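Q: Dumping the structure here so I can ask a few things about it.
2 protein chains.
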Amino acid sequence: MKRVYILGAGATKVGEHWDKSLRELAVEALLSAIKDAGIDKREVEALYVGNMMSGELQGQEHLGSLIATWSGMAGIPAFKVEAACASGGAAVHQAFLAVASGAYDCVAVVGVEKMTDALPSDVTAALLTAEDQEYTVFVGATFVALNAMVYRYYLSKYGVKQEHVAQFAVHCHRMAVANPYAQFRREVKLEDVMSSPLIADPIRLLECAPTGDGAAALVLCDEEYLKRNPRDELVEIAASAAATDIFSVHERKDLSTVASFRRAAECALKRAKVEPERIDVLEAHDAFTILGVLTLEELGFAPRGEGWRLVVEGQLAPGGKIPTNTMGGLKARGHPVGATGVYQVFDLFTQLTERAGSNQVDNAEIGFAGNFGGVAGTTVVHLLKRVR
Amino acid sequence: MKRVYILGAGATKVGEHWDKSLRELAVEALLSAIKDAGIDKREVEALYVGNMMSGELQGQEHLGSLIATWSGMAGIPAFKVEAACASGGAAVHQAFLAVASGAYDCVAVVGVEKMTDALPSDVTAALLTAEDQEYTVFVGATFVALNAMVYRYYLSKYGVKQEHVAQFAVHCHRMAVANPYAQFRREVKLEDVMSSPLIADPIRLLECAPTGDGAAALVLCDEEYLKRNPRDELVEIAASAAATDIFSVHERKDLSTVASFRRAAECALKRAKVEPERIDVLEAHDAFTILGVLTLEELGFAPRGEGWRLVVEGQLAPGGKIPTNTMGGLKARGHPVGATGVYQVFDLFTQLTERAGSNQVDNAEIGFAGNFGGVAGTTVVHLLKRVR
Chain A
1 MKRVYILGAG
11 ATKVGEHWDK
21 SLRELAVEAL
31 LSAIKDAGID
41 KREVEALYVG
51 NMMSGELQGQ
61 EHLGSLIATW
71 SGMAGIPAFK
81 VEAACASGGA
91 AVHQAFLAVA
101 SGAYDCVAVV
111 GVEKMTDALP
121 SDVTAALLTA
131 EDQEYTVFVG
141 ATFVALNAMV
151 YRYYLSKYGV
161 KQEHVAQFAV
171 HCHRMAVANP
181 YAQFRREVKL
191 EDVMSSPLIA
201 DPIRLLECAP
211 TGDGAAALVL
221 CDEEYLKRNP
231 RDELVEIAAS
241 AAATDIFSVH
251 ERKDLSTVAS
261 FRRAAECALK
271 RAKVEPERID
281 VLEAHDAFTI
291 LGVLTLEELG
301 FAPRGEGWRL
311 VVEGQLAPGG
321 KIPTNTMGGL
331 KARGHPVGAT
341 GVYQVFDLFT
351 QLTERAGSNQ
361 VDNAEIGFAG
371 NFGGVAGTTV
381 VHLLKRVR
Chain B
389 MKRVYILGAG
399 ATKVGEHWDK
409 SLRELAVEAL
419 LSAIKDAGID
429 KREVEALYVG
439 NMMSGELQGQ
449 EHLGSLIATW
459 SGMAGIPAFK
469 VEAACASGGA
479 AVHQAFLAVA
489 SGAYDCVAVV
499 GVEKMTDALP
509 SDVTAALLTA
519 EDQEYTVFVG
529 ATFVALNAMV
539 YRYYLSKYGV
549 KQEHVAQFAV
559 HCHRMAVANP
569 YAQFRREVKL
579 EDVMSSPLIA
589 DPIRLLECAP
599 TGDGAAALVL
609 CDEEYLKRNP
619 RDELVEIAAS
629 AAATDIFSVH
639 ERKDLSTVAS
649 FRRAAECALK
659 RAKVEPERID
669 VLEAHDAFTI
679 LGVLTLEELG
689 FAPRGEGWRL
699 VVEGQLAPGG
709 KIPTNTMGGL
719 KARGHPVGAT
729 GVYQVFDLFT
739 QLTERAGSNQ
749 VDNAEIGFAG
759 NFGGVAGTTV
769 VHLLKRVR
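Protein sequences, first through last, are from chains A and B. If you're matching positions, the first sequence starts at 1 in our numbering and goes up one per residue. If you're matching positions, the second sequence starts at 389 in our numbering and goes up one per residue.
See the structure below:
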């Protein structure tokens with residue numbers, strides 16, 4: 001396999017973009033990544049688009065060709081990759097493989113989702129396409145309800161107080177204040193979280209990642225390309241790995257672990273020859289607070305049932321034991337679903353290139369992102385490494 | 389890049405499968421390909437799913453994880469790839485790159501679509517997600533209407549009689565009679581085609597590929613895998629290439645050529661170091677008869693405006709100048725859109741492994757497939773080579 005590097009990254013702010021269409025968001029992020037890479041867009045040889053719900057919400061498929069055209073790159077190979085909320089990570093994975101294979105020297109990837117110009121009931125339905133339409137959705141389960149089962153089981157199995165898990169949201173909001181791309185640049189207090197409306201018992205409104213619009217993009221290249229366009233400092237994708245779990249939550253043996261994440265993470269860490277303790281910045285898929293805590297436990301940063309301690313002790317902030325979601329995570333940076341996996345890598349790239357401002361993690365060398373699709377029916381992980 | 393081989397292939401019959409769900413079709417094709425490959429399904433390391441409209445028609449996304457689970461392969465990385473009607477070809481392309489990169493030794497790909505248990509108006513709407521929702525669909529154009537513009541322009545530019553182009557459908561129906569996987573195993577006469585209802589002037593009903601359900605699957609592997617599981621005879625994917633064109637038909641300069649196909653085909657032929665005249669079997673994307681004729685012209689088998697002569701002269705049958713759609717093509721084998729690109733490779737594999745029965749092309753060594761998405765806003769091509 002060829003080694004794969006990130007040449008540049010770009011994104012739109014996550015938010016309610018009433019004045020921008022899906023394609024405009026994608027083009028904005030893509031051209032911004034190309035500009036950041038310092039290359040001409042004619043050098044991009046292929047395009048990967050991560051998106052989950054444009055078919056359902058915009059009546060628009062075939063995003064590869066659409067976005068290639070609207071970015072002024074018609075002609076190049078272009079594809080959409082989908083794996084529910086892990087669509088962004090899955091698109092990065094395919095772009096990574098495309099470069100690693102030697103088929104292309106320079107490839108762009110953009111994750112995009114536009115969720116706010118649809119009826120909330122349509123968004124709920126579109127999210128549910130990630131779960132089993134015939135067995136889960138049919139009986140009336142919503143996505144929050146499925147995650148609530150996981151949450152309830154965790155609290156009960158380990159005798160954990162919800163306040164301790166919910167603190168994850170407080171951390172993310174604090175981190176987002178300094179992130180210009182974040183949807184919610186304001187702090188929330190634990191009392192705010194715990195007194196926010198109950199969505200699906202025990203999940204409170206402020207424990208859920210918000211609905212939003214956004215796009216994030218990367219330009220990837222191989223070593224041949226770098227020889228022609230040398231850089232002093234670089235970020236390598238040292239590993240890109242994915243795994244699935246039994247599709248539906250109700251058929252799994254254990255709700256308190258995330259098997260697909262564990263599998264993918266083990267594979268990536270092994271390939272990159274990196275121990276988890278060497279991770280300097282972590283991007284956790286906190287669509288709901290409980291998933292952030294489970295991510296910490298799966299990587300071994302805390303024993304089972306005790307991941308919440310890291311949150312409560314403030315170990316997730318820069319300077320802590322494992323700086324996590326330092327740009328706000330899904331909870332506060334935002335979660336435009338098909339874009340999230342790319343935003344995670346964008347945020348890590350920001351840290352590894354020392355552009356994180358007041359949220360900068362000192363000497364950040366290794367970044368790790370875990371992107372879940374469905375109730376982690378799919379996980380895609382990326383391990384990034386700063387190379388000097 | 390590593391060399392990539394097809395170890396086995398499988399498919400369901402294309403048709404109206406009222407008794408089978410989308411996932412059942414996919415699992416049937418996938419397990420049949422694995423059986424044909426003569427391997428254990430635990431050896432499959434990743435899964436690629438080609439599908440266009442399951443979100444719109446079945447309310448089901450996240451097909452990678454779903455189909456991995458229902459095939460008894462939960463755990464492996466699994467993704468959906470979408471590029472409108474070229475979704476199948478795009479999935480084969482990603483599976484090819486995944487093996488070529490060295491990340492996986494053995495990968496499965498399945499293309500699947502279920503179109504017949506939806507309202508015809510919903511299917512029409514789902515097909516239109518391949519074109520521009522904001523500019524093309526908005527003004528009321530249907531997919532047939534857009535292709536009718538291409539057809540009309542061709543007839544008028546070259547002074548060609550429609551009967552000569554429409555003959556392509558007659559050829560495909562004749563080929564499908566001997567194909568057990570074909571949707572329409574019966575001949576039609578040119579009079580039948582020309583007197584069938586007008587759908588969008590000049591396109592007649594029997595010039596359109598039908599709506600249908602089906603799934604086709606392949607197992608791909610690299611040379612390391614073959615060393616452990618040697619074979620006497622093999623089919624190599626000697627090249628897999630893709631290209632896009634300006635997204636919307638109305639913005640293109642010339643309606644009588646297929647730029648994305650030409651670009652992708654040139655790239656594939658160059659990589660495989662093969663001249664078009666060496667192609668023994670061709671799979672053309674005849675969603676409408678005109679597209680079959682244009683495919684012949686783009687590959688140089690006839691001058692511009694004269695591709696229809698090959699059809700009329702019977703040169704597309706086995707033994708002719710360029711045996712084309714020898715298993716019935718989209719017109720008669722059927723066109724379950726997201727599966728079509730995989731069916732094309734399945735049909736070529738059938739020929740190159742000498743399993744085509746009375747449709748067998750003697751000494752077929754090189755097969756070529758062109759899979760269009762939208763009005764060829766995307767094309768994915770595959771060049772297959774028999775290796776002894």
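Ideal Cβ positions, reconstructed from N, Cα and C, are used throughout, including at glycine. None of these values were measured; they are calculated from a predicted model.
Following the continuous beta strand (DSSP E) through I710(B), name the residue where it begins and the one where it ends.
A: By one-based count along the second sequence, residue 710(B) stands at place 322. That residue, I710(B), is in no beta strand (DSSP E); it is neither H nor E in DSSP.
Q: If we count Cβ pairs, one from each stretch, closer than 8 Å, do we get three or more for the stretch 567 to 575 of chain B versus the stretch 396 to 415 of chain B?
A: yes
Q: Residues of chain A with CB under 7 Å from Q448(B), in chain order?
A: Locating residue 448(B) in the second sequence gives position 60, where the first residue counts as 1. Within 7 Å Cβ-Cβ: T129, Q133.
Q: In chain order, what residues of the same chain lie with their CB nearer than 6 Å to the CB of T575(B), ignoring the 5 residues before and after it?
A: The count along the second sequence starts at 1 and reaches residue 575(B) at position 187. Note that residue 575(B) is Glu in the sequence shown here, rather than Thr. In chain order, H561, R562 place their CB closer than 6 Å to the CB of E575(B), counting only its own chain and leaving out the 5 sequence neighbours on each side.
Q: Considering only DSSP beta bridges, list what C106(A) is partnered with.
A: Within the first sequence, numbered from 1, the residue matching residue 106(A) stands at position 106. Beta-bridge pairing links C106(A) to C221(A).
Q: In terms of alpha-carbon separation, which member of L451(B), V469(B), L410(B) lies closest to Y48(A)?
A: Along the first sequence, one-based indexing puts residue 48(A) at 48. Ranking L451(B), V469(B), L410(B) by Cα distance to Y48(A) puts V469(B) first.
Q: State the DSSP-derived secondary structure class of Y181(A), mapped to helix, strand or coil.
A: By one-based count along the first sequence, residue 181(A) stands at place 181. It is coil, neither helix nor strand.
Q: Just by C-beta distance, which residues in the stretch 454 to 483 of chain B are closer than 7 Å to chain A?
A: Of all residues in the stretch 454 to 483 of chain B, the ones placed with a Cβ closer than 7 Å to any Cβ belonging to chain A are L454, A456, T457, A462, G463, I464, P465, A466, F467, K468, V469, E470, A471, A472, A478, Q482, in chain order.
Q: If you measure from the beta carbon of S121(A) to each beta carbon in chain D, is any gap under 8 Å?
A: Looking at the structure shown, chain D is missing, and the protein chains on hand are A and B.
Q: Pair every Cβ in the stretch 507 to 517 of chain B with every Cβ in the stretch 624 to 637 of chain B, then say whether three or more of these pairs are closer than 8 Å.
A: no
Q: In angstroms with no decimal places, state the Cα-to-Cα distance between T257(A) and A68(A).
A: In the first sequence, residue 257(A) corresponds to position 257, counting from 1. In the first sequence, residue 68(A) corresponds to position 68, counting from 1. For T257(A) and A68(A), the distance between alpha carbons rounds to 39 Å.
Q: Out of curiosity, what's the CA-to-CA distance linking A488(B) and S156(A)?
A: Here residue 488(B) corresponds to residue number 100 of the second sequence, with the count starting at 1. Here residue 156(A) corresponds to residue number 156 of the first sequence, with the count starting at 1. Roughly 47 Å separates the two Cα atoms.
Q: Under a three-way DSSP split, which group does N747(B) fall into?
A: For the purposes of this step, residue 747(B) is identified with residue 359 of the second sequence, where counting begins at 1. Looking at N747(B) - three-state DSSP - the assignment turns out to be helix.
Q: Would R848(B) be called buried (16 or more neighbouring beta carbons within 10 Å of its own) or exposed?
A: Any property of residue 848(B) remains undetermined from this structure, which presents chain B solely from 389 to 776.
Q: Please state the DSSP three-state secondary structure of G761(B).
A: On the second sequence, residue 761(B) is found 373 positions in, with the first residue counted as 1. Three-state result, G761(B): strand.
Q: So which residues on chain A does A660(B) lean against when the C-beta distance must stay under 7 Å?
A: For this step, residue 660(B) is matched to residue 272 along the second sequence. The premise fails here: A660(B) is roughly 13 Å from chain A at the closest Cβ pair, so nothing lies under 7 Å.
Q: So, using beta-carbon positions, are D117(A) and E45(A) closer together than 8 Å?
A: Taking the first sequence and counting its residues from 1, the one referred to as residue 117(A) is at position 117. Taking the first sequence and counting its residues from 1, the one referred to as residue 45(A) is at position 45. In terms of Cβ geometry, D117(A) and E45(A) do not form a close pair [threshold 8 Å].
Q: Given a cut-off of 8 Å, decide if A209(A) and V342(A) are closer than it, judged by their beta-carbon atoms.
A: As a working note, residue 342(A) is residue 342 in the first sequence. As a working note, residue 209(A) is residue 209 in the first sequence. Not a contact, by the Cβ cut-off of 8 Å.
Q: Inspect the CB distances between the stretch 765 to 772 of chain B and the stretch 621 to 633 of chain B and report whether three or more fall short of 8 Å.
A: yes
Q: In chain order, what residues of the stretch 644 to 657 of chain B put their CB closer than 7 Å to some CB of chain A?
A: R651
Q: Quick one: which residues of the stretch 400 to 420 of chain B get their C-beta closer than 9 Å to a C-beta of chain A? List them in chain order.
A: S409, R411
Q: Comparing the C-beta of D505(B) with each C-beta of chain A, is any distance below 8 Å?
A: Taking the first residue of the second sequence as 1, we reach residue 505(B) at position 117. Cβ-Cβ to chain A under 8 Å: no for D505(B).
Q: Would the stretch 546 to 559 of chain B and the stretch 670 to 683 of chain B be scored as touching if the rule is three or more Cβ pairs under 8 Å?
A: Output reads yes: the stretch 670 to 683 of chain B touches the stretch 546 to 559 of chain B.
Q: Determine whether the Cβ of T142(A) lies closer than 8 Å to any Cβ atom of chain B.
A: Mapped onto the first sequence, residue 142(A) falls at position 142. Not one beta carbon of chain B lies nearer than 8 Å to the beta carbon of T142(A).
Q: Quick check: what's the CA-CA separation for G762(B) versus A518(B)?
A: Residue numbering aside, residue 762(B) sits at position 374 when the second sequence is read from its first letter. Residue numbering aside, residue 518(B) sits at position 130 when the second sequence is read from its first letter. Those two C-alpha atoms are separated by around 5 Å.
Q: What separation, rounded to the nearest whole angstrom, lies between the Cα atoms of K502(B) and A603(B)?
A: Taking the first residue of the second sequence as position 1, residue 502(B) is located at position 114. Taking the first residue of the second sequence as position 1, residue 603(B) is located at position 215. Going by the C-alpha atoms only, they are around 9 Å apart.
Q: Report all residues from its chain with a CB closer than 6 Å to the CB of L534(B); omit the five preceding and five following residues, and keep chain order.
A: By one-based count along the second sequence, residue 534(B) stands at place 146. Cβ neighbours of L534(B) beyond the five flanking positions: V637, V763.
Q: I'd like to know if I634(B) contacts chain A, where contact means its C-beta is closer than 8 Å to some C-beta of that chain.
A: On the second sequence, residue 634(B) is found 246 positions in, with the first residue counted as 1. Chain A contact via Cβ: present.
Q: For E56(A), which residues in chain B fall below 9 Å Cβ to Cβ?
A: As a first step, residue 56(A) must be located in the first sequence, where it is residue number 56. Below the 9 Å Cβ cutoff, chain B contributes G443, E444, G447, E449 as neighbours of E56(A), in chain order.
Q: Taking only three categories from DSSP, how would you classify K392(A)?
A: Since the displayed chain A opens at 1 and closes at 388, residue 392(A) lies outside it and no answer follows.
Q: Can you check which of these residues, L22(A), K227(A), V160(A), is closest to S71(A) by C-alpha distance?
A: As a working mapping, residue 71(A) is identified with position 71 in the first sequence. The option with the nearest alpha carbon to S71(A) is L22(A).
Q: Where does S32(A) land, buried or exposed, given buried means 16+ other C-beta within 10 angstroms?
A: To locate residue 32(A), count along the first sequence from 1; it is residue 32. Burial call: buried.
Q: Please state whether the Cβ-Cβ distance between V107(A) and A95(A) is less than 8 Å.
A: For the purposes of this step, residue 107(A) is taken as residue 107 along the first sequence, with counting starting at 1. For the purposes of this step, residue 95(A) is taken as residue 95 along the first sequence, with counting starting at 1. Yes; because the gap between Cβ atoms is below 8 Å, this pair is in contact.
Q: Is the Cβ of A778(B) closer than 8 Å to any Cβ of chain A?
A: For chain B, the structure presents residues 389 to 776; residue 778(B) sits outside this window and is missing.
Q: I'd like to know whether the C-beta of A672(B) is nearer than 8 Å to at least one C-beta of chain A.
A: In the second sequence, residue 672(B) corresponds to position 284, counting from 1. By this cut-off, A672(B) is not an interface position.
Q: Taking 8 Å as the CB-CB limit, is T324(A) close to chain B?
A: Residue numbering aside, residue 324(A) sits at position 324 when the first sequence is read from its first letter. For T324(A), the answer is no, since every Cβ of chain B falls outside 8 Å of its Cβ.
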